[in-house]
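*Asks:* Submitted below is the structure of interest, expressed as structure tokens.
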Amino acid sequence: MTVAPDVLAALFNLSGSSDLAERFNLAPSQEAPVIVRDETGEGRALATMRWGLVPSWARDSKIAHRTINARSETAAEKPSFRSAFKRRRCLVPASWFYEWQGEAGTKVPYRIQRADGRPLAFAGLWERWKGSATEPARTSFTVLTTSANDDVAPLHDRMPCLIEPGDFDRWLTPEVEDPDATRRLLDPAPAGLLTLDRVSSRLNSVRNEGPGLMTPDTLF
DNA sequence: CCAGACGTTGTT
DNA sequence: GTCTGG
DNA sequence: CCAGACGTTGTT
DNA sequence: GTCTGG
């Protein structure tokens with residue numbers, strides 16, 4: 002997430018802009034910016050939530066490690082996601098995303114971004130969790146996935162659901178929903194939209210950050 | 001009735 | 001919270 | 001998603 | 001192998 006605050010505000014029609022630090026290695030379980038409908042339901046607001054959706058009924062947050070993604074084909078029916086699918090949708094802004102190739106221990110990451118350089122918006126769901134005796138309350142989100150298109154297929158058979166600016170309201174406003182129209186919103190992006198570039202395997206550790214991670218490893 | 005699950009990805 | 005399994 | 005830990009006893 | 005941490 003390296004999108005400049007003013008670009009983010011303009012793209013998502015946010016009132017006011019906040020100072021977000023650039024993130025080149027934003028991993029599951031970390032806090033990330035998301036766009037939600039504001040309290041009135043009319044406008045949009047930027048929020049910070051933790052990646053890995055904890056359902057409201059969860060006893061602890063362990064499930065979050067397995068709810069970083071939700072299959073768009075089934076999320077409306079799954080106990081962990083259906084409530085959020087009905088009432089709490091969000092858009093997750095991203096400059097790009099990563100997929101890995103190769104064996105455990107020698108995984109090579111690829112950056113996947115729009116060929117035209119514009120930011121991406123993932124379809125997401127969010128939820129509030131009350132916390133427990135040992136854990137504080139949290140607000141968290143998940144990213145919906147669909148079949149990979151031809152651009153991404155060489156690396157992986159799934160990819161995030163990408164929403165176009167003209168469809169932002171259609172995704173965020175479930176009350177105007179027609180199930181078929183919603184399904185189409187979550188279809189794989191058209192082939193040719195995205196390009197792939199190899200980046201540094203230092204990305205594989207969340208300890209590493211910064212623009213230097215975008216340069217592939219050299220052979221030394 | 002109560003108990004137990006509730007998830008995705010990747011790898012085998 | 002809500003569904004499934006027993 | 002990937003990386004890294006995974007354990008106890010005894011000693012400082 | 002499986003869980004935790006980030």
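Numbering-wise, this note's numbering comes out as the position in the first sequence, counting from 1, plus 1.
Cβ coordinates follow ideal geometry from the N, Cα and C atoms, glycine included.
Around the C-beta of N70, are 16 or more other C-beta atoms found within 10 angstroms, so that it is buried, or is it exposed?
*Replies:* Position 69 of the first sequence, counted from the first residue, corresponds to residue 70. The residue is buried, with at least 16 neighbouring Cβ atoms inside 10 Å.
*Asks:* Contact defined as beta carbons within less than 8 Å: I believe L47 pairs with L15. What is the distance between those atoms, to the nearest angstrom?
*Replies:* Along the first sequence, one-based indexing puts residue 47 at 46. Along the first sequence, one-based indexing puts residue 15 at 14. With 8 Å as the limit, L47 and L15 qualify as a contact, their Cβ atoms being about 6 Å apart.
*Asks:* Apart from the five residues on each side of it in sequence, which residues of its chain come closer than 7 Å, Cβ to Cβ, to S19?
*Replies:* Position 18 of the first sequence holds residue 19. Cβ neighbours of S19 beyond the five flanking positions: P6 and L47.
*Asks:* Under 8 Å by Cβ, that's how I've got A122 and I164 pegged, so tell me the actual separation to the nearest angstrom.
*Replies:* One-based indexing of the first sequence puts residue 122 at position 121. One-based indexing of the first sequence puts residue 164 at position 163. That belief holds up - the Cβ atoms of A122 and I164 are roughly 5 Å apart, short of 8 Å.
*Asks:* For S1 versus V55, is the C-beta spacing smaller than 7 Å?
*Replies:* Any question about residue 1 goes unanswered here, given that the chain covers just 2 to 221.
*Asks:* Do you know how far the Cα of T135 is from the Cα of V200?
*Replies:* Numbered from its first residue, the first sequence carries residue 200 at position 199. Numbered from its first residue, the first sequence carries residue 135 at position 134. Computed Cα separation, rounded: 39 Å.
*Asks:* Determine the burial state of E128: buried for a count of at least 16 other Cβ atoms within 10 Å of its Cβ, exposed for fewer.
*Replies:* Taking the first residue of the first sequence as position 1, residue 128 is located at position 127. Buried, since its Cβ has 16 or more Cβ neighbours within 10 Å.
*Asks:* Note the first and the last residue of the continuous alpha helix (DSSP H) segment covering R171.
*Replies:* Locating residue 171 in the first sequence gives position 170, where the first residue counts as 1. Run containing R171: F169 to L173, per the alpha helix (DSSP H) assignment.
*Asks:* How about L214 and R203: do their beta carbons lie closer than 7 Å?
*Replies:* If you number the first sequence from 1, residue 214 lands on position 213. If you number the first sequence from 1, residue 203 lands on position 202. For L214 and R203, yes; Cβs fall inside 7 Å.
*Asks:* With a threshold of 6 Å (Cβ to nearest heavy atom), would F82 be considered close to the ligand ADP?
*Replies:* In terms of ligand content, the structure shown is empty, and the ligand ADP therefore cannot be addressed.
*Asks:* Give the secondary structure of A85 by DSSP, where H, G and I count as helix, E and B as strand, and everything else as coil.
*Replies:* The residue given as residue 85 occupies position 84 in the first sequence. Of the three classes helix, strand and coil, the one that applies to A85 here is helix, per DSSP.
*Asks:* Going along the chain, which unbroken runs of the beta strand (DSSP E) with 3 or more residues stay wholly within the region 55 to 83?
*Replies:* Runs of the beta strand (DSSP E) inside the region 55 to 83: 70 to 72.
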